[in-house]
Structure formats: C-alpha cells, structure tokens
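Below is one structure, written out as structure tokens, with a few remarks after it.
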Amino acid sequence: MKIAMINGSPKAGKSNTAFLLNSLEALISSGNELTHYHIIKNPPSEEAFSQLCQMDALVLAFPLYIDAIPSHLFRLLVELEEHMKGHKNEIYVYAITNNGFYEGRQNHIAFEILKNWCQRSGLRFGQGLGHGAGEMLASNDKIPLGHGPLKNLGKGMNLLADNINSKSSGELMLVNPNFPRFAWQFAGTHFFWNAEAKKNGLKKRDILRRL
Ligand SMILES: Cc1cc2nc3c(=O)[nH]c(=O)nc-3n(C[C@H](O)[C@H](O)[C@H](O)COP(=O)(O)O)c2cc1C
C-alpha cells in the first residue's frame with residue numbers, strides 16, 4: 200500500500216508531531232511504501248499534489264492550534280481538496296494530533312473539521328488518535344512506546360497501525376498520558392513553558408500578561 204506521511208507541525212526540526220509519526224512508522228513500514236512530506240520544509244508542488252492523489256492512505260499528523268488545525272496545514276487541505284475531486288481510487292485518511300493541555304479530548308473539534316474535509320474531498324476518514332500533554336512526548340523518546348507515561352499512546356498506536364495496515368476504519372481515540380495531571384501541570388509550567396519563555400528573552404510575567 201502507498202501511504203503518505205504528512206508532518207503538519209510548523210517546526211522543521213524536532214517536534215512532538217515528528218515523534219508521533221516516527222513511532223507509527225515503525226509499526227506500518229513493513230509491506231507498505233511510505234512517502235514523507237513536511238509542509239514547512241518542502242511546501243507541496245503540483246507533482247506532490249498529484250502523488251497524493253495516487254496514495255492508498257494519507258496519515259496527517261499535526262499539533263492542535265486554537266482547538267483546530269494549524270493554518271498552513273489548513274491551506275494545504277483546501278488546495279488538496281481541489282486536486283482530489285475526480286480521483287478514482289478510494290483513499291483513507293488517518294490522523295494523529297497532539298496538544299499542549301493534559302486532555303487528549305481537546306482534539307475532538309480538529310477531528311470534526313477533518314471528517315468534514317474528507318466528506319467534501321471524497322475521501323474516507325479511517326481513524327484518529329489525539330494525545331494530550333504533547334510537549335512531554337519528544338522529551339520521552341527513550342521510553343519504549345506502551346510503557347510508563349506512553350502506555351495509552353502505545354495501545355492507541357497499535358490499534359491505529361492495525362487499521363492502517365488493513366485499510367479499515369476504527370473509533371476515534373482521545374487519550375491522556377499515564378502521568379498524573381498535577382505533575383504534568385507542574386513539569387509543563389516549570390520545565391517547559393517557563394524555560395521556552397527564557398530562551399525567547401521573556402519573563403514569567405510576560406506569559407501571564409493579557410493583551
Ligand atoms: C499558536 C498555538 C496554538 C495552540 N493551541 C492549542 C490549543 O488550542 N489547545 C492545546 O491543548 N494546545 C495548544 N497549543 C499547544 C500545541 O498543540 C503543543 O505545544 C504541541 O505539542 C506542539 O506540537 P509540535 O511540537 O508537533 O509542533 C498551541 C500552540 C501554539 C503555538
């Protein structure tokens with residue numbers, strides 16, 4: 200099966216989305232032909248659009264932005280919709296999202312948007328996996344999938360991979376990490392968001408300032 204692995208994070212280097220795509224790749228690479236796309240690194244050409252129309256499945260991976268799809272990915276979907284009109288083969292769409300808040304449920308609106316887009320484009324929505332506490336993923340890349348804080352993620356990834364490998368559909372999965380919420384809140388604030396602010400020349404009070 201020909202599968203497009205589409206990275207929709209605006210980060211060109213290390214990202215939580217890249218971590219999720221790599222984890223899935225290990226489960227679906229055998230017997231399938233995978234082609235990688237990164238919208239920011241290589242904005243899709245006409246040739247890439249026609250390749251996408253020849254795929255058996257599209258795997259869209261992206262971070263949640265304002266409860267929805269990041270704008271550069273949304274623009275791509277609007278353009279792809281035009282190319283998909285009139286394609287002959289049945290293409291399945293699978294999606295993996297991650298978000299900053301603890302609850303994977305935050306991703307439910309983004310999946311509704313994707314399902315509507317599939318309907319408009321004549322594509323079949325296969326399955327979605329949304330994971331909360333995204334910022335802890337890439338920093339836990341030494342922990343094997345299915346263990347410790349990545350236990351729920353591992354279960355979800357296996358189900359998603361099985362459905363991709365058999366080109367079938369499954370229920371939407373919205374999961375939290377296997378890590379206490381209060382601990383994520385503490386670690387996320389002190390070791391991630393405040394550290395990111397400092398790297399960008401901001402103070403803690405700048406994060407809390409209302410516009
Ligand atoms: C502009 C912007 C909007 C965001 N909106 C949300 C949001 O609505 N809900 C949420 O839980 N996280 C939100 N986040 C957090 C990201 O989804 C989160 O940091 C994600 O792990 C980034 O993934 P990446 O490394 O793959 O780009 C937002 C981040 C940014 C920069």
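Quick note: the sequence shown, position 4, residue 203 per our numbering, numbers continuous. For each residue, glycine too, the CB sits at the ideal point set by N, CA and C.
Looking only at its own chain, which residues have a Cβ that is under 8 Å from the Cβ of residue i, when we skip the five neighbours before and after it?
i	result
Asn357	Leu226 and Gly345
Leu386	Checking the displayed sequence, the identity of residue 386 turns out to be Ala instead of Leu. Result list for Ala386: Met335, in chain order.
Ala267	Phe273, Ile308, Ala309 and Ile312
Leu257	Ile202, Ala203, Ile205, Leu251, Ile290, Tyr291, Val292, Tyr293 and Leu322
Asn393	Lys403 and Ile406
Who are the near neighbours of residue i in its chain, counting only those whose CB is closer than 7 Å to its CB and skipping five residues on each side?
i	result
Gly299	Gly333 and Glu334
Gly347	Asn377
Note down the Cα distance separating residue i from residue j, rounded to an integer number of angstroms.
i	j	result
Asn339	Lys210	18 Å
Ile238	Ser249	15 Å
Leu263	Lys287	31 Å
Gly331	Thr388	15 Å
Phe261	Ser208	5 Å
Ala396	Ile295	27 Å
Lys354	Asn297	16 Å
Pro242	Leu410	33 Å
Residues bridged to residue i by DSSP?
i	result
Lys201	Glu232
Val374	His330
What would DSSP say about residue i, mapped onto helix, strand or coil?
i	result
Gly329	strand
Ala217	helix
Phe324	strand
Ile363	helix
Pro343	coil
Using a Cβ-Cβ cutoff of less than 6 Å, which residues in the same chain neighbour residue i once the five nearest sequence positions on both sides are dropped?
i	result
Lys201	Glu232, Met254 and Asp255
Lys350	Asn377
Phe324	Val292, Lys314 and Cys317
Any chance the CB of residue i is under 8 Å from a heavy atom of ligand 3?
i	result
His271	Absence of ligand 3 from the depicted structure is noted, with ligand 1 being the only ligands included.
Exercise answer, beta-carbon shell around ligand 1 heavy atoms below 6 Å: Chain-ordered list of matching residues: Ser208, Lys210, Ser214, Asn215, Thr216, Pro262, Leu263, Tyr264, Ile265, Asp266, Asn297, Asn298, Gly299, Phe300, Gln305, Gly333 and Glu334.
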